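For the sequence shown, the UniProt record's numbering assigns the number 1 to the initial residue and increments by one for each residue that follows. Glycine is no exception: its CB is placed at the ideal position from the N, C-alpha and C atoms. In this text the structure is predicted, and so the values were computed from the model without any measurement. Right, one structure below, let's go through it.
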Amino acid sequence: MITVFGSINMDLIATTARLPKPGETVAGTGFSTAAGGKGANQALAARRAGASVRMAGAVGSDSFAEGALALLKEAGTDLGLTKTVNEPTGTAHILVGGDGENVIVVVASANATVSEGDASTAVGKMSAGDTLMLQLEIPAASVEKALVEAKRRGIRSVINIAPLTPEAARLGRMADIVIANETEFELLAGKSGIAGAEREAAMKSLHDETGQTVIVTLGAEGVAAAHQGEIHRARGLTIEPVDTVGAGDTFCGYLAASLDAGLAFPDALRRAAVAGSLACLKPGAQPSIPLASEVAARL
């Protein structure tokens, strides 16, 4: 069982030929809504990858709540620990440029009510050997409580240190597996402007210091990881991206599900990288997450 303790949002997505510069207004080419939130995205990815998944988080008592949970329900995700509160459902306001790049503003709303008590409840329903997935779109104190409880109970913890909050570096070092992009890893390593062999040396150094698995996603270059004393690398697919907004969350969910299923680490890394690539071929976060059969066909 994988329990995802994190955010649930409704994404409000506008597309444009190019992203605006500060202070500039540009014409949009389209608008859509889609279920999102890093927690919910990763939960759906893990579920579509074949894992049994429980989502623990919060939605509001508004019209966005049903849509935010629709794909999770459709996929058979356990929503017994998803509470409804007297706040708006969280939202993400996303601009996607013609090259597939995006900028995002997240408004926490109901996600800000996810408490340390909720963390204890979620982890308390888990068993040793289960996997706990975390991100940083809910309060840092709640994430920390979940990490402490997981370690005490012998539960594997996976944290994606996104978005990049002031607590990201400290919380990132508390998990068994930490997943970061290039910018986030620089904060974790305490050093900026590193790449290539220097970045891999920094990953190995952090891995040796903490004992945790350190994974850095590298966009079109794939992914690198420090695991059990070695550096592993995996490539995704060569693609022309439509929308990169769901790629990182898809990678995280597929990795957790693959490890939960007992795949060898290099195989899990490759499967997750391919899934992340496929997520770039469709717009939206959750709608773009591929099914396990789609990933298998491209491996």
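- Residue pairing of H232 in beta bridges, as defined by DSSP: A225.
- In the three-state scheme derived from DSSP, where H, G and I count as helix and E and B as strand, G100 is classed as coil.
- Remark: C-beta atoms of M1 and A51 approach each other more closely than 9 Å.
- Under the three-state reduction of DSSP output, S192 falls in the coil class, being neither helix nor strand.
- The Cβ atoms of L278 and S293 do not sit closer than 9 Å to each other.
- Relative to the Cα of R235, the nearest Cα in the group V242, G6 and L218 belongs to L218.
- Residue state for N160 is assigned as strand, using DSSP reduced to three classes.
- Counting the other CB atoms within 10 Å of its CB gives Q228 a total below 16, which places it among the exposed residues.
- Per the Cβ contact rule, the stretch 142-160 is not in contact with the stretch 186-204 (fewer than 3 Cβ pairs under 8 Å).
- Taken in chain order, the complete alpha helix (DSSP H) segments of 4 or more residues contained in the stretch 49-86 are 64-75.
- Burial check for D11: the Cβ neighbour count within 10 Å reaches 16 or more, so the residue is buried.
- Secondary structure at S288: coil, using DSSP grouped into helix, strand and coil.
- Taking the C-beta atoms as reference points, T165 is found no nearer than 9 Å to G98.
- Measuring C-alpha to C-alpha distances from A27 to each of A34, A17 and T33 identifies A17 as the nearest.
- Here the alpha carbons of G211 and S142 stand approximately 23 Å from one another.
- Cβ-Cβ separation between A180 and L188: approximately 6 Å, consistent with a contact (criterion under 8 Å).
- One Cα belongs to R47, the other to G57, and the distance between them is close to 16 Å.
- The beta carbon of L281 sits closer than 8 Å to the beta carbons of I239, P241, V242 and S288 from its chain, once the five residues preceding and following it are set aside; these are given in chain order.
- Here E87 is not near S115, since their CB atoms are 9 Å or more apart.
- Here A264 carries a coil assignment [DSSP, helix/strand/coil].
- Of the residues G76, E74, A112 and A75, the one whose Cα lies closest to the Cα of V85 is A112.
- With contacts defined as CB atoms closer than 9 Å, A150 and M126 qualify as a contacting pair.
- Distance from the CA of V123 to the CA of S32, rounded to the nearest whole angstrom, comes to 35 Å.
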